[in-house]
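A.B. asks: Taken in sequence, the protein lines are chains A and B. If you're matching positions, the first sequence starts at 1 in the UniProt record's numbering and goes up one per residue. If you're matching positions, the second sequence starts at 1 in the UniProt record's numbering and goes up one per residue.
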Amino acid sequence: MTNKNYAMTIDLQSCIGCSSCAVVCKNENNTDTGMNWMHFIKNESGTFPNVSYEYIPALCNHCDNAPCVKACPVTAMYKDENGLTLHDADKCIGCKACMASCPYGVISYNKKDPHDYWSQQESWSELSATPAEVQEKSGAKLPYYNPERDYNYEAIRYRGIVEKCQLCDHRLARDEQPYCVTRCPSEAMYVGDLNDPDDKIHQILSDDHKTLKDELGTKPKVFYVRNFK
Amino acid sequence: MAMKWQGKSLVGLAILLIIIAAGLFGMGNTLIQGQVLFGSTELIPWNLLIVAYVFLALMASGMCMIASASHVLGFKQFDFLGKRAIFLALAVLIPGLLVLSMDLGRLDRALNFITSPNLQAPMWWMGATYGVYVVLLLVEFIAMHTKNEKIMHYASYFTLAGAVAATSILGGIFAIVVQRPLWYGGATSVFFVLSAVITGIACLTIFTYFTFKFSSEKLPLKVDNAIKGLSKLMAILLAVALGFNAWRLITMFYTATPDFALIFNGEYAVLYWGGALALGLIIPLLMIMFKRSSGMAVVASILVLSGMFFDKYVTVIGGQLVQPYGEVTSYSSTITEWLIFVGAIAGTIVIYSVGVKLLKLDESTHMEAEQDKKKKLRPSAV
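Dropping the structure here:
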C-alpha cells in the first residue's frame, strides 16, 4: 500500500467566518485557553464605504519543506509517512527553534501546565460546585477532556514543550476527517490524499486556489480555494 | 600576582555574591514555576535570556579567538594575555550556557541532543560545537597551566577553529529564518564572528586593565602597550562593523519591510541608532582615534560592550516583533530574566577573580618565554 500525502482544502467562498473550526479544534485536541491550533487571519482594509474584509481560517500548513522540521535540533518535529508535519511531545526539549522558524506563527508553547482552571476555588454561580470540587469528587486531574487525542499524541500536553495542529492524525488513522472539517457548518473544508488520483481533492483543486506565503518555498499543503479577490 | 583581597575588594566580592545569589534565586524560581516568569509569549518565543546567551557566547568566543590567533599567527604583543583570555572565555561561557539552559522548557531532556540529533538543525550544530569547544578550551587552559607546550600549540589551532565555527553557527540559527529580515542571510553569521572578536577584545581589555590597576600603582608598560594594540585592532573592526550596519540598512531600505521601519524610525530606533550604532560603534571609534591611551581604550571598551548588547537585543528581540501577517507586537523583559543575566555576569567576575588569585593567569606562555629567553630579559614582574 502506498503512503498517503494528506492535504487540506478550505473553500473561502463557502466559509462563513463563524470560527467553529477553531472552537471544535479546542474540544477535540484539549488545547488550553489562549492556545489555538486552528485560528484565523482577519484583514480589514479600505475606508468606508470602500472597505474590504477577509477572513481566512489558518492552521499548520503541514509544509512539505517544513522549516520547523529543519530547525528542531532533536527531531521532535518530523514528517510522517503520510506527509503530515507532526510533533513528538516526548522528544521536545522546549527550545522554541520551531516557533522562531515557522513563517505562519502556528506553533504554541506551554509556559505552564495547561487547564489550571480545574484547580480554581471559585465557582461561576453560588449553586454550582467549584472547579476544584469537581476535580476532587471525580478523582481526575482534568474531569473533562477528550481522551481520544491520546491515541497517538499526548491528550493533554504539559509545561515546557511546544504543540501544534496534528491535522487530527488520530482521526485520519481510522479514515475519519479531522474534527474541524466534520463540524464546519458550510462544509468548506476537506482533507484528502494527493497521492490518490480518485480522491475528491483533485476535483476541488481544479478550481482556482492558493497557499499562504508559497513564495518562501515551504510547499504548504493547506490550499485556499475560490478566493473572493 | 595576587589580587589584594582587602577592604574594597571584600565589599565588592560581597556585592557580587549577593548578585549571584539573586541570579540563582531567579534560576531556582524558573525551575519551579516555569517560564511564566519570562516575558516571552506565543508571538515572541525568544526572550532576554537568548540575547544574554548570544552576547556572552560571542564574548567568550572572541576572547578565545584573540588568544589562539595570537599564538597561531604569532602576535607576540598579545601572547602574554593568552592564558588570561582562555580562562576568561571559560568564565564567561559557562555562566552563559547556564543562562541558555534556563530557556529550555525541558532541561531534563537535554540528552536528546545526543540520542536524537537533527543534523539539518543549526541549533543542534550550535549545541554540538559549543559542547566540544568548552572541552577544547578546558584542554587548552590545562595545557597552559601545566606548561604542556605541545598540547597547548595544537589545542590553540582547534580552539581557534572551534570558536569561529561555534560563533558562525550561532549566527546560523538566526540566519536561516527567511521571513525575518533582521535575521536572514549569510551576512548574519559573518557579522556574529565579527561582533565576537569586537566583544572579546572589549571584555579582555576591561578585565586586563582593572586586574593590573587593582594590583599595582602604575600599569606595566607591556600591559599598557597590549591594551593600546588591542584598541587599534578594535578600531579597525568597529569600522568594519559600521560598514556591515550601513549595508544592512541600505539593503533593508530597498525592501522597506516593517522590520526596517522598526529600527529606522520605529520602536527600536533609539536602541539601534543610539545604543548599537552611536554608543557601541561610532563614539568608541572616535575615542580611540583621537586619544590612544589605555584609559581611553577601557572607556571605549565599556561603550562597545554596551553597544554590542544593544545590537544583539535589537537583532534577537526586534527580529521577532513583526508577526507573520504584518502586525507588530511588543516585548517586555521581566525581573527574573534580568536577575539570571546579571547573576551570570557576576558569576563571570567571581570565577575570573578566583582564577587570578589561584591560577597564575599572568604567567608567560611558551612564545613569550622563548622571546624573553632570546632577549635574555628578566621575565615580566607584573
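Yeah, the Cβ is synthetic: ideal placement off N, Cα and C, and Gly gets one too. As the structure is a computational prediction, the values presented were derived from the model and not from experiment.
Check the C-beta distance from B:T297 over to B:T205 and give it rounded, since I have them as a contact under 8 Å.
C.D. replies: Start at 1 with the first residue of the second sequence, and residue 297 of chain B comes out as number 297. Start at 1 with the first residue of the second sequence, and residue 205 of chain B comes out as number 205. For clarity, residue 297 of chain B is Ala in the given sequence; the question names Thr instead. Indeed they touch by this definition, with Cβ atoms about 6 Å apart.
A.B. asks: Strictly under 9 Å for the Cβ-Cβ distance: is B:S40 near chain A by that measure?
C.D. replies: Here residue 40 of chain B is taken as the residue at index 40 of the second sequence, counted from 1. Answer yes: the Cβ-Cβ gap between B:S40 and chain A drops below 9 Å somewhere.
A.B. asks: From what residue to what residue does the beta strand (DSSP E) around residue 385 of chain B run?
C.D. replies: Residue 385 of chain B cannot be examined here, being either before or after the span of chain B that is shown, 1 to 382.
A.B. asks: Taking the continuous alpha helix (DSSP H) assigned at A:T218, which residues delimit it?
C.D. replies: Against the first sequence, residue 218 of chain A aligns to sequence position 218. Segment: none, A:T218 is in no alpha helix (DSSP H) and carries neither H nor E.
A.B. asks: Is there at least one Cβ from chain B nearer than 9 Å to A:V69's Cβ?
C.D. replies: Against the first sequence, residue 69 of chain A aligns to sequence position 69. Closer than 9 Å: yes.
A.B. asks: Given 8 Å as the limit, tell me if B:R109 has its C-beta closer than that to any heavy atom belonging to the ligand GTP.
C.D. replies: Because no ligand of any kind appears in the structure shown, any question about the ligand GTP cannot be addressed here.
A.B. asks: So that I know if they touch, is there some Cβ in chain A lying closer than 9 Å to that of B:I32?
C.D. replies: Working through the second sequence from its first residue, we reach residue 32 of chain B at position 32. No, B:I32 does not count as interfacial toward chain A.
A.B. asks: Identify the continuous alpha helix (DSSP H) that holds B:V54 and give its terminal residues.
C.D. replies: As a working note, residue 54 of chain B is residue 54 in the second sequence. Element bounds for B:V54: 48-73.
A.B. asks: Rounded to whole angstroms, what is the Cα-Cα separation between A:G192 and A:Y6?
C.D. replies: Against the first sequence, residue 192 of chain A aligns to sequence position 192. Against the first sequence, residue 6 of chain A aligns to sequence position 6. Distance between the alpha carbons of A:G192 and A:Y6: 6 Å.
A.B. asks: In whole angstroms, give me the CA-to-CA distance for B:L283 and A:P103.
C.D. replies: One-based indexing of the second sequence puts residue 283 of chain B at position 283. One-based indexing of the first sequence puts residue 103 of chain A at position 103. The sequence as given places Ile at residue 283 of chain B; Leu does not occur at that position. Computed Cα separation, rounded: 37 Å.
A.B. asks: Given a threshold of 16 other Cβ atoms within 10 Å of its Cβ, counted over all protein chains shown, does A:Y53 qualify as buried or as exposed?
C.D. replies: The sequence position of residue 53 of chain A within the first sequence is 53, counting from 1. Answer is exposed; the Cβ neighbour count stays below 16.
A.B. asks: Please look up how many angstroms separate the CB atoms of A:C72 and B:A121, rounded, as I've assumed it's under 8 Å.
C.D. replies: For the purposes of this step, residue 72 of chain A is identified with residue 72 of the first sequence, where counting begins at 1. For the purposes of this step, residue 121 of chain B is identified with residue 121 of the second sequence, where counting begins at 1. Contact holds; Cβ gap of about 6 Å.
A.B. asks: Output, in sequence order along the chain, the residues in the region 77-106 of chain A whose CB is closer than 7 Å to any CB in chain B.
C.D. replies: The region 77-106 of chain A vs chain B, Cβ under 7 Å: K91, C92, I93, G94, C95, K96, A97, M99, A100, S101, P103, Y104, G105.
A.B. asks: Check whether chain B comes within 9 Å of A:Y55, counting only Cβ atoms and requiring the distance to be less than that.
C.D. replies: The residue labelled residue 55 of chain A in the question sits at position 55 within the first sequence. No, A:Y55 lies away from the interface with chain B (no Cβ there is under 9 Å from its Cβ).
A.B. asks: Kindly give me the distance between the Cβ atoms of B:A175 and B:S195, rounded to whole angstroms, as I take these residues to be in contact under 8 Å.
C.D. replies: Here residue 175 of chain B corresponds to residue number 175 of the second sequence, with the count starting at 1. Here residue 195 of chain B corresponds to residue number 195 of the second sequence, with the count starting at 1. The pair is not a contact, with the Cβ atoms about 13 Å apart (cut-off 8 Å).
A.B. asks: Would you mind stating whether B:Y254 and B:F310 have Cβ atoms separated by less than 9 Å?
C.D. replies: Here residue 254 of chain B is taken as the residue at index 254 of the second sequence, counted from 1. Here residue 310 of chain B is taken as the residue at index 310 of the second sequence, counted from 1. For B:Y254 and B:F310, no; Cβs fall outside 9 Å.
A.B. asks: Rounded to whole angstroms, what is the Cα-Cα separation between B:A89 and A:E122?
C.D. replies: What you label residue 89 of chain B is simply residue 89 of the second sequence in a count that begins at 1. What you label residue 122 of chain A is simply residue 122 of the first sequence in a count that begins at 1. Approximately 53 Å between the Cα atoms of the pair.
A.B. asks: For B:T336, which option in B:G12, B:N47, B:L17, B:G295 has the closest C-alpha, if you only look at C-alpha atoms?
C.D. replies: Sequence index remark: in the second sequence, residue 336 of chain B carries index 336 (1-based). Of B:G12, B:N47, B:L17, B:G295, the residue nearest in Cα terms is B:N47.
A.B. asks: Taking DSSP's pairing of strands, which residues face A:F40 in a bridge?
C.D. replies: By one-based count along the first sequence, residue 40 of chain A stands at place 40. In the DSSP output, where bridge partners are listed per residue, A:F40 has A:P57.
A.B. asks: Is the shortest distance between the beta-carbon of A:N146 and the beta-carbons of chain B less than 9 Å?
C.D. replies: In the first sequence, the residue the question calls residue 146 of chain A occupies position 146. By this cut-off, A:N146 is not an interface position.
A.B. asks: Cutting at 7 Å between CB atoms, please list the residues of its own chain near A:D88, excluding the five before and the five after it.
C.D. replies: Here residue 88 of chain A is taken as the residue at index 88 of the first sequence, counted from 1. Result list for A:D88: A76, Y78, in chain order.
A.B. asks: B:Y331 CB to nearest chain C CB: under 9 Å?
C.D. replies: Protein chains in the displayed structure are A and B, and chain C is not among them.
A.B. asks: In the DSSP assignment, find the alpha helix (DSSP H) that holds residue 387 of chain B and state where it starts and stops.
C.D. replies: What the structure shows of chain B is the stretch from 1 to 382, and residue 387 of chain B is not part of that stretch, so it cannot be assessed.
A.B. asks: Taking CB distances under 9 Å as the criterion, tell me whether A:V222 reaches chain B.
C.D. replies: For the purposes of this step, residue 222 of chain A is identified with residue 222 of the first sequence, where counting begins at 1. Chain B, which has no Cβ nearer than 9 Å to the Cβ of A:V222, makes this no.
A.B. asks: Between A:K4 and the rest of its own chain, which residues show a CB-CB distance below 7 Å, the 5 nearest in sequence each way excluded?
C.D. replies: By 1-based counting over the first sequence, the position of residue 4 of chain A is 4. N82, G83, D193, N195.
A.B. asks: Inspect the beta-carbon positions of A:C168 and A:C21 and report whether they are closer than 9 Å.
C.D. replies: As a working note, residue 168 of chain A is residue 168 in the first sequence. As a working note, residue 21 of chain A is residue 21 in the first sequence. Not a contact, by the Cβ cut-off of 9 Å.
A.B. asks: Suppose the cutoff is 8 Å on Cβ atoms and the five residues either side in sequence are ignored; what does the same chain contact list for A:Y117 look like?
C.D. replies: Mapped onto the first sequence, residue 117 of chain A falls at position 117. Within the same chain, A:Y117 has close Cβ partners T33, P131.
A.B. asks: Under 8 Å: do the region 327-335 of chain B and the region 34-49 of chain B share three or more Cβ pairs, one atom per stretch?
C.D. replies: At 8 Å Cβ cutoff, the stretches touch.
A.B. asks: Identify the continuous beta strand (DSSP E) that holds A:Y190 and give its terminal residues.
C.D. replies: Position 190 of the first sequence, counted from the start, is the residue given in the question as residue 190 of chain A. Here the beta strand (DSSP E) through A:Y190 covers 189-193.
A.B. asks: Three-state secondary structure (DSSP) at A:A155?
C.D. replies: Here residue 155 of chain A is taken as the residue at index 155 of the first sequence, counted from 1. Residue state, collapsed to three classes: coil.
A.B. asks: Run down chain A in chain order and give the residues with a C-beta less than 8 Å from the C-beta of B:W124.
C.D. replies: Taking the first residue of the second sequence as 1, we reach residue 124 of chain B at position 124. Those are P73, V74, listed as they occur along chain A.
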